[in-house]
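Here the protein sequences line up with chains A and B, keeping their order.
Going by the numbering used here, the letters in the first sequence line up with residues 33 to 360, in that order.
Going by the numbering used here, the letters in the second sequence line up with residues 33 to 360, in that order.
Right, one structure below, let's go through it.
Number of protein chains: 2
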Amino acid sequence: MPDPNRPDPIGDDRLLVLYPSVLPHLAARIEALSPRLHAVSRDVLKENPALLERVEIAFGGLRGEQLRAARRLRWYQAEGAGVNGLLSPELRERGVMVTNTSGIHAEAIAEHLFGMLLMAIRCLGEARDQQRLRIWNGFPFPEHVTTLRGRTLGILGAGAIGGQCAEVGRAFRMRVLGLNRTGRPHPAVERMYRPGERLELLAECDVVMNLLPLTRATERFLGAAELAAMRDGSILLNAGRGRTVDTDALLAALPSGRPAAALLDVTDPEPLPPDHPLWTAPGVFITPHYAGNHPGYMDRAAEIFLENLQRFLDGRPLVNLVNLAEGY
Amino acid sequence: MPDPNRPDPIGDDRLLVLYPSVLPHLAARIEALSPRLHAVSRDVLKENPALLERVEIAFGGLRGEQLRAARRLRWYQAEGAGVNGLLSPELRERGVMVTNTSGIHAEAIAEHLFGMLLMAIRCLGEARDQQRLRIWNGFPFPEHVTTLRGRTLGILGAGAIGGQCAEVGRAFRMRVLGLNRTGRPHPAVERMYRPGERLELLAECDVVMNLLPLTRATERFLGAAELAAMRDGSILLNAGRGRTVDTDALLAALPSGRPAAALLDVTDPEPLPPDHPLWTAPGVFITPHYAGNHPGYMDRAAEIFLENLQRFLDGRPLVNLVNLAEGY
Numbered sequence: 033m034p035d036p037n038r039p040d041p042i043g044d045d046r047l048l049v050l051y052p053s054v055l056p057h058l059a060a061r062i063e064a065l066s067p068r069l070h071a072v073s074r075d076v077l078k079e080n081p082a083l084l085e086r087v088e089i090a091f092g093g094l095r096g097e098q099l100r101a102a103r104r105l106r107w108y109q110a111e112g113a114g115v116n117g118l119l120s121p122e123l124r125e126r127g128v129m130v131t132n133t134s135g136i137h138a139e140a141i142a143e144h145l146f147g148m149l150l151m152a153i154r155c156l157g158e159a160r161d162q163q164r165l166r167i168w169n170g171f172p173f174p175e176h177v178t179t180l181r182g183r184t185l186g187i188l189g190a191g192a193i194g195g196q197c198a199e200v201g202r203a204f205r206m207r208v209l210g211l212n213r214t215g216r217p218h219p220a221v222e223r224m225y226r227p228g229e230r231l232e233l234l235a236e237c238d239v240v241m242n243l244l245p246l247t248r249a250t251e252r253f254l255g256a257a258e259l260a261a262m263r264d265g266s267i268l269l270n271a272g273r274g275r276t277v278d279t280d281a282l283l284a285a286l287p288s289g290r291p292a293a294a295l296l297d298v299t300d301p302e303p304l305p306p307d308h309p310l311w312t313a314p315g316v317f318i319t320p321h322y323a324g325n326h327p328g329y330m331d332r333a334a335e336i337f338l339e340n341l342q343r344f345l346d347g348r349p350l351v352n353l354v355n356l357a358e359g360y
Numbered sequence: 033m034p035d036p037n038r039p040d041p042i043g044d045d046r047l048l049v050l051y052p053s054v055l056p057h058l059a060a061r062i063e064a065l066s067p068r069l070h071a072v073s074r075d076v077l078k079e080n081p082a083l084l085e086r087v088e089i090a091f092g093g094l095r096g097e098q099l100r101a102a103r104r105l106r107w108y109q110a111e112g113a114g115v116n117g118l119l120s121p122e123l124r125e126r127g128v129m130v131t132n133t134s135g136i137h138a139e140a141i142a143e144h145l146f147g148m149l150l151m152a153i154r155c156l157g158e159a160r161d162q163q164r165l166r167i168w169n170g171f172p173f174p175e176h177v178t179t180l181r182g183r184t185l186g187i188l189g190a191g192a193i194g195g196q197c198a199e200v201g202r203a204f205r206m207r208v209l210g211l212n213r214t215g216r217p218h219p220a221v222e223r224m225y226r227p228g229e230r231l232e233l234l235a236e237c238d239v240v241m242n243l244l245p246l247t248r249a250t251e252r253f254l255g256a257a258e259l260a261a262m263r264d265g266s267i268l269l270n271a272g273r274g275r276t277v278d279t280d281a282l283l284a285a286l287p288s289g290r291p292a293a294a295l296l297d298v299t300d301p302e303p304l305p306p307d308h309p310l311w312t313a314p315g316v317f318i319t320p321h322y323a324g325n326h327p328g329y330m331d332r333a334a335e336i337f338l339e340n341l342q343r344f345l346d347g348r349p350l351v352n353l354v355n356l357a358e359g360y
């Protein structure tokens, strides 16, 4: 039996499975599924780069040049939901399967987005600043607070995350509209629009939550024309991918109040350089791409990976399989 | 016909109705209900203090000494929900009816409380501070964010506001428990506790939203023993009345982590003086009593008042009548 940390490159024909070093207990669970599997942590790969060309299954940890060098790779389980970094024609041509962790971000992202939204409309950031001055009276902002009740929420990309946002919006007594590729309905969404009807949808919304994945069809989906269609005083949130919004068009639009605020967990570019005008643009609030973070995230991702690993061994279809042509 | 701004104190036996000057259109709507009514704005009262003793109906605007001086007052419609300032034995003995605007705060307060809560657990205040430094990377807080999903929410005082909080909590996939005087169930609350079971309830909750009115029974309802019963790392919110929490006990409890945070829209004392230790206590976030504020608030309050004014004229029971013995 070869030492798993020093696999014998000759005479070992087991499938090499790359796993995240932050989940050390995963190695035993992987190898318990089949004697054909040999789990290799990312730390071990780092020490033995030659192993890369033998990796057949990877649970995250590979990108760009590494993906190209992993010539025997058959299946890549992404740690996240967005897989725009994996959409090279090369992977498609090589027939590499890509799966994501769609579904495990829904509650965290919905909470993060509504947190950003409520912080803005209830002037909670201003209250935080005033608390530091220890002033109770003399606040101008209580006159400017508003409510979600009765407002219209538009959700772009009505998948697992969008569905959860829709349910929370309804609990806050909002009218909820949505947009997806096919217009197929969702029980929590009053009306679902198709991409071609986006201007009509945007004109209806007080709040727009953008959860679109980044594909060729969604790149700069929200440009100057779309922003101009938004309501005066409306609020745009983005927790999909930064490049689905035209940043220059957004910077030009904000002073006009359409939208009046942009609450962004993702930006273009990302990371945002210190001198970028988005940091200080009017109405912009930025969180550095952590809306999906939550305790136990990697454990939930590991469960999806293990379920898929069993399916892979059984020759059954994988869950959360990404269509590399469509990009999600 | 006497000039309504200068009513003739002799020969005018109409009922004087005091109304807020911020609602100038209300005068005509009041007087349209009956020729027996004479609407007087608070500004007019200020200029003619002698009118006070003739006021029989008041829509807000009177307190303390003025209430005592308004000897002919028969009905007082409060602008807010909390009427603890009106609970003098004297008003009870004089048979003055008091009504409140219970119901119109529900959505605004639920939004405000969930805004404070999500801002805390998603580290959005920290993100706001970092945005000012224009730093994308190097954030320690994304590792510390958490989620509401699967946590237990306890609602103290399960009336209109508590019910709305319960529905939002369920949409966020929380387990929702509650406490009210009688233990009567609520459809959005899994189990309703009685006041005598409060320690048992508090031990179950990750988040406690306190919406209790201030009465003799609820003053310092949350004292040292109750706070000690809370879970390690739990979060206490208060949007009821400041004096339902023992502030000294809270200040002593916070460093122990039970609760770990106190998100307060109401405090004791109020306004909070600049040198009060609550401003800088660990985990404390303060908004200066504006959770119920929202555009159109006074218009909604006026509709309740007008409905009650018609009922008063018809001799029918008033809506939102406060039991001055119970205090809400």
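All residues carry an ideal CB built from backbone N, CA and C; glycine is no exception.
Please read these numbers as outputs of a predicted model, since none were measured by experiment.
Does the CB of residue i have a neighbour CB from chain B at under 7 angstroms?
i              : result
G347 (chain A) : no
E222 (chain A) : no
N325 (chain A) : yes
V177 (chain A) : yes
Y329 (chain A) : no
G117 (chain A) : no
E199 (chain A) : yes
R160 (chain A) : yes
M206 (chain A) : no
Within 10 angstroms of its Cβ, does residue i collect 16 or more other Cβ (buried), or is it exposed?
i              : result
V54 (chain A)  : exposed
S288 (chain B) : exposed
G228 (chain B) : exposed
E199 (chain B) : buried
N169 (chain B) : exposed
P320 (chain A) : buried
D280 (chain B) : exposed
L77 (chain B)  : buried
G347 (chain B) : exposed
G182 (chain B) : exposed
Cβ of residue i less than 7 angstroms from any chain A Cβ?
i              : result
H218 (chain B) : no
E143 (chain B) : yes
I187 (chain B) : no
V277 (chain B) : no
P52 (chain B)  : no
R126 (chain B) : no
T133 (chain B) : no
A357 (chain B) : no
P41 (chain B)  : Confidence at P41 (chain B) is low in this model, with a pLDDT of 47, below 50, so its placement is unreliable and the value that follows should be read with caution. Chain A, which has no Cβ nearer than 7 angstroms to the Cβ of P41 (chain B), makes this no.
Rounded to the nearest angstrom, what separates residue i and residue j at their Cα positions?
i              : j              : result
V130 (chain A) : L356 (chain A) : 8 angstroms
R226 (chain A) : S134 (chain A) : 22 angstroms
D297 (chain B) : A152 (chain A) : 16 angstroms
N340 (chain B) : L350 (chain B) : 5 angstroms
L47 (chain B)  : V128 (chain B) : 15 angstroms
G328 (chain B) : G201 (chain B) : 25 angstroms
R213 (chain A) : L353 (chain A) : 18 angstroms
V115 (chain B) : R273 (chain B) : 10 angstroms
P41 (chain A)  : S73 (chain A)  : Unreliable positioning characterises P41 (chain A) in this predicted model, as indicated by a pLDDT of 47, which lies under 50. The coordinate reading is nonetheless provided below. One C-alpha to the other measures close to 16 angstroms.
I187 (chain A) : M206 (chain B) : 23 angstroms
A292 (chain A) : E232 (chain A) : 19 angstroms
Q342 (chain A) : F317 (chain B) : 48 angstroms
D331 (chain A) : F146 (chain A) : 25 angstroms
R104 (chain B) : E79 (chain B)  : 19 angstroms
R124 (chain A) : D75 (chain A)  : 28 angstroms
G96 (chain A)  : E88 (chain A)  : 16 angstroms
H176 (chain B) : Y360 (chain B) : 40 angstroms
A260 (chain B) : E111 (chain B) : 36 angstroms
A101 (chain B) : E122 (chain B) : 12 angstroms
G189 (chain B) : G195 (chain B) : 9 angstroms
E236 (chain B) : A249 (chain B) : 23 angstroms
Output needed for residue i: all residues of its chain with C-beta closer than 6 angstroms, excluding positions within five of it in sequence on either side, in chain order.
i              : result
H144 (chain A) : A323
D278 (chain B) : R252, G255
Spatial neighbours of residue i within its chain, please: C-beta separation below 8 angstroms, excluding the five flanking residues on both sides.
i              : result
E251 (chain A) : R275, T276
P67 (chain B)  : R46
In chain order, what residues of the same chain lie with their CB nearer than 7 angstroms to the CB of residue i, ignoring the 5 residues before and after it?
i              : result
D264 (chain B) : G289, R290
F337 (chain B) : F91, Q109
Mind checking who residue i pairs with in its DSSP beta bridge?
i              : result
L211 (chain A) : A:L188, A:Y225
V49 (chain B)  : B:A71, B:I89
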